[in-house]
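Here the structure is laid out as structure tokens; the discussion comes afterwards.
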Amino acid sequence: MLNENKPITIGVVGNPNTGKTSLFNCLTGLRQRVGNYPGITVERKLGTAFLGEQAVTLIDLPGTYSMAANSPDEEVVLDVLCGEMSLEQPVDLVLCVVDTSNLQRNLFLATQIADLGLPMVIALNMWDEAENRGMQIDVTQLSLNLGIPCIPTDAKRNAGLDELKNALKDAIQNKPKLNSLVWPNSVNQATEFLKKELGNSAPKDEARLRRILFDVDSILLRRIKMDAGAKKEIVQNARKVLMNDGLNPLAAEALLQYKHVGLMLEGIERSAVIRNRRTESIDRILMHRGWGLIVFMGLMYLVFQAVYSWSGPFMDLIDGSIGWLQDTAARPLESMPMLQSLVSDGIIGGIGAFLIFLPQILILFFFVSLLEDSGYMARAAFLMDKLFRWCGLNGKSFVPMLSSYACAIPGIMAARTIENPKARLATVLISPLISCSARLPVYILFIGAFIEPRYGAWWAGFTLFAMHLLGLLLSFPISWVLTRFILKTASSPFVLELPPYRAPKLGNVFNRMYLRGMDFLKTAGTIIFAMTILIWATLYFPRPESIEQETRASFIEEEASQKQISVNELETLLDDEGSEQGAALREKLTLTTETRYIEQSYLGQTGKFLQPIFEPAGYDWRVTLGIVSSFPAREVIISTMGIIYRLGDVDEKSDGLRDAMAKQVWQEGPRKGTPIFTIPMVLGLLVFFALCQQCAATIGVIAQEIGWKWALFSFTYMTILAWVGAVATYQIGMLFVS
Amino acid sequence: MNTLRELRVGHRAIVASIETGTIVGQRLLALGIVPGTRLSVTKVAPLGDPIAIEFNGCHVSLRRDEAEGVFIKEETGSAL
């Protein structure tokens with residue numbers, strides 16, 4: 059009987075590329091909840107389906123080929139199905155989604171799951187594709203042979219859903235079990251031995267003991283609290299039992315199960331293996347040495363253009379709306395400057411700080427979904443793999459790294475498409491090194507101000523190009539070091555299925571964009587928002603009230619002596635509402651006050667405090683202050699420089715800012731009187747911006763994807779790298795200059 | 003014995019055995035590349051590695067180093 063209090067949980071499992079998620083979407087509609095399993099980058103996706111009146115919970119488990127768990131994704135599948143995942147209810151029933159064109163391989167996974175003792179229903183998905191390829195399958199006989207209901211479905215056109223729901227409903231009552239393999243006696247003896255020897259922390263059920271027996275480096279074995287050498291010896295002894303029976307313990311499961319599957323499939327497929335001619339002829343072009351690369355580059359150019367340029371209008375719209383909101387909200391709060399600044403710069407600015415990334419994320423995931431669902435992503439990885447593998451990455455690192463040229467945030471999120479956990483981690487950690495579009499205005503400012511006037515357009519262009527190449531060129535050796543010496547995560551093989559080409563279903567594409575977007579807003583968005591408020595506070599406080607008076611007094615004195623008039627005369631001029639001169643003076647005073655506020659803020663004090671550290675890179679305290687204030691977002695340096703040099707609103711093309719920088723000379727010290735912005739210093743500054751992780755949003759999204767530990771690690775290594783780069787450039791450059 | 007690493011594009015072979023005890027070997031077995039399986043190399047990536055193979059109607063890409071663990075008996079004649 060059904061227990062009315064406990065909702066039924068159905069685990070949806072299957073090989074990758076079987077249309078599993080598409081079927082999950084069909085069954086649950088929009089009743090989905092998405093999150094992450096804590097501590098690991100594995101998506102947790104739950105949905106509610108209605109089997110008639112009855113509501114059941116469906117868990118969309120990551121696609122996997124085998125229960126021998128070698129990656130965090132596969133561990134989640136194993137743990138959820140074994141009832142070991144604390145977040146999930148134990149699974150009552152398994153819906154195994156198989157690709158009808160590929161029964162043999164897909165049923166291997168089904169037999170492994172059935173071995174855990176779970177009741178199962180099979181969805182023969184992509185039924186239409188198999189039929190179109192000329193395959194004929196006797197479904198009734200197949201269900202009989204397997205001992206469980208097999209339902210032809212086609213998620214693409216919502217076919218077979220009612221039948222599937224009925225079968226699931228019945229299965230909740232009947233608990234149909236797949237006709238499992240009868241294990242040879244030696245296997246049972248070996249598991250019995252394991253149970254006896256491995257102690258209390260070992261699993262007690264035969265099924266999981268078999269995983270320990272059969273799997274290379276089993277995760278279940280690793281979790282047993284026992285001396286590693288002792289565990290190894292016990293398992294070796296258990297495996298000897300199989301070897302004495304003439305079985306290779308590390309191949310026995312596959313050989314026996316594939317044989318078992320073969321027997322169950324006898325007479326079912328009334329056709330020999332039919333090759334997918336359409337896919338093969340498309341591959342003749344797309345995987346071709348020459349044409350394949352041309353198409354690849356064309357497609358990647360399109361993806362890049364979309365993320366880089368098409369997102370522009372949407373970002374401008376968000377930027378404009380946030381600006382308007384800031385002004386609108388600021389007006390009624392004129393009398394309360396602290397609250398005004400908190401609401402307008404802190405809160406609304408903080409919302410803008412993460413909303414601005416949404417267009418690029420959505421556009422990139424639109425393309426990533428198309429590339430994955432169509433089957434092209436695997437081909438792209440195939441074409442590019444050799445370029446990346448020597449440094450521990452693989453072909454799937456290409457799209458995240460390419461996207462990072464627009465912005466590291468969608469790039470880091472796209473690293474989820476990389477199955478290999480080690481390569482995924484490394485890709486996330488090097489993506490922020492790639493020169494993103496926020497660096498461009500900074501490059502333009504300094505190159506335009508110092509390189510172009512002196513060396514001409516060609517060298518200016520070359521410097522710009524070099525800056526875009528620098529991070530990329532460094533990212534490979536850094537990844538090599540990371541994967542070789544620092545990342546402890548196990549690597550998984552690059553055995554990649556090249557699925558048949560299929561037309562992507564737009565519903566799934568939009569669903570994925572929506573889920574990724576929501577994920578970003580909820581997790582990274584919260585982090586970025588909190589960081590923005592924090593940064594606002596360090597820029598605003600302590601703000602002693604006396605500053606305004608002090609600045610006014612010293613300003614009047616300074617201006618009066620400059621203009622050679624008396625203090626009183628200047629004060630009258632300053633307060634003269636009517637005169638143009640008064641207005642100009644008042645504006646100058648406002649700017650001076652703003653500069654003073656920045657200088658005395660906690661961030662400004664930090665900048666002055668850190669000055670000695672940046673001294674070897676040739677920065678004075680103003681440049682250091684600009685650098686420190688641009689850690690939350692690198693492009694901020696431009697507006698900060700505008701404030702520091704008392705120019706007001708500036709952008710990267712402002713002549714005023716360029717002149718002001720060129721005029722800066724050392725006020726004291728051995729270099730007194732010489733310009734601060736020399737060519738070696740400017741080049742070093744460019745290198746600093748190219749390599750430094752001056753982006754709170756990137757830190758937030760790394761924390762979302764792989765955790766805080768790695769977010770702090772990436773911030774630290776990039777800051778050190780940038781500092782070393784800037785100092786080395788400056789010091790070496792100075793040797794040439796002098 | 004020859005390994006899959008050496009099989010040239012367009013050539014067919016029968017799997018004789020798989021090197022076990024490695025994660026790659028386990029993955030290949032799970033995918034159904036068991037002894038007796040007929041396979042052929044269909045493509046080589048532009049930079050010479052990885053290779054793409056076909057067996058039982060499915061296509062898989064793997065690196066040459068990984069293909070080294072698949073021992074084969076080459077069949078004569080072309081797969082195409």
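These protein sequence lines are chains A and B, in that order.
Sequential numbering from 59 applies to the first sequence in the numbering used here.
Sequential numbering from 3 applies to the second sequence in the numbering used here.
In this text, a Cβ means the ideal position worked out from N, Cα and C, and glycines have one as well.
These numbers come from a predicted model, not from an experiment.
Buried or exposed (CB count within 10 angstroms, at least 16 for buried), residue i
i	result
A/P390	exposed
A/T756	buried
A/G700	buried
A/Y95	buried
A/R191	buried
A/V723	exposed
A/P558	buried
B/G34	buried
Length of the line joining the Cα atoms of residue i and residue j
i	j	result
A/A296	A/I277	17 angstroms
A/A748	B/H61	41 angstroms
A/A611	A/I623	15 angstroms
B/F57	A/L145	39 angstroms
A/P39	A/W368	Only positions 59 to 796 of chain A appear in the structure, and residue 39 of chain A is not among them; the question remains open.
A/A588	A/G407	11 angstroms
A/E133	A/M143	10 angstroms
A/S659	A/S687	11 angstroms
A/R560	A/G77	10 angstroms
B/N30	A/N128	Looking at the sequence shown, residue 30 of chain B is not Asn but Leu. Near 13 angstroms, if we compare the C-alpha coordinates of A/N128 and B/L30.
A/T664	A/F746	18 angstroms
A/D377	A/I414	7 angstroms
A/T86	A/T475	23 angstroms
A/L779	A/F424	34 angstroms
B/L82	A/V100	Because the pLDDT at B/L82 is just 48, under 50, the model does not fix this residue reliably, and the point stays unresolved.
A/N61	A/E338	Caution is warranted here: a pLDDT of 49 is assigned to A/N61, below 50, making its placement in the model unreliable, and the coordinate value is therefore given only provisionally. Distance between the alpha carbons of A/N61 and A/E338: 51 angstroms.
B/E76	A/A473	39 angstroms
A/S244	A/A310	11 angstroms
A/N237	A/Q199	13 angstroms
A/E638	A/T630	13 angstroms
DSSP three-state assignment for residue i, whether helix, strand or coil
i	result
A/Q752	coil
A/G433	coil
A/R183	As written in the sequence, residue 183 of chain A is Asn, which differs from the Arg given in the question. Note: A/N183 maps to strand in three-state DSSP.
A/A548	coil
A/K444	helix
A/L60	Caution applies to A/L60, whose pLDDT of 49 falls short of 50 and renders its modelled position unreliable; the value that the coordinates give is listed next. Here A/L60 sits in coil by DSSP.
B/S19	strand
A/G758	helix
A/Q90	strand
B/R10	coil
A/L522	helix
A/D118	strand
B/H61	strand
A/M776	helix
A/M178	strand
A/D678	coil
A/L460	helix
A/S124	coil
Proximal chain A residues relative to residue i, where beta-carbon distance stays under 7 angstroms
i	result
B/I20	A309
B/I16	Those within 7 angstroms of B/I16 in chain A number zero; the least Cβ separation is about 15 angstroms.
Chain B contact residues for residue i, given Cβ-Cβ distances below 9 angstroms
i	result
A/K444	A47, P48, L49, G50, D51, P52 and R65
A/Y123	R29, A32 and L33
A/D341	T44, K45, A54 and H61
Partner residues on chain B for residue i, Cβ-Cβ distance less than 8 angstroms
i	result
A/G350	P48
A/I332	G59
A/Q162	G34 and N58
Neighbour list for residue i in chain B, Cβ cutoff strictly below 7 angstroms
i	result
A/Q747	Note that residue 747 of chain A corresponds to Phe in the displayed sequence, not to Gln. Within chain B, no residue comes near A/F747; the closest Cβ sits about 33 angstroms away, beyond 7 angstroms.
A/L556	A54, H61, V62 and S63
A/S550	I25
A/Y316	G34 and V36
A/F166	A32 and G34
A/R799	Nothing in the structure corresponds to residue 799 of chain A, since chain A is present only between 59 and 796.
A/A312	L31, A32 and V36
Handout entry: Members of the region 267 to 278 of chain A that neighbour chain B once the beta carbon cut-off is set at 9 angstroms
Key = F272, D273, V274 and D275
Exercise for the section: Note down, in chain order, all residues in the region 415 to 449 of chain A with a beta-carbon under 9 angstroms from any beta-carbon belonging to chain B. Expected result: A436, R437, A439, F440, L441, M442, D443, K444, L445 and R447
Handout entry: Near-chain A residues of the region 66 to 77 of chain B (beta-carbon distance less than 7 angstroms), N- to C-terminal order
Key = E68
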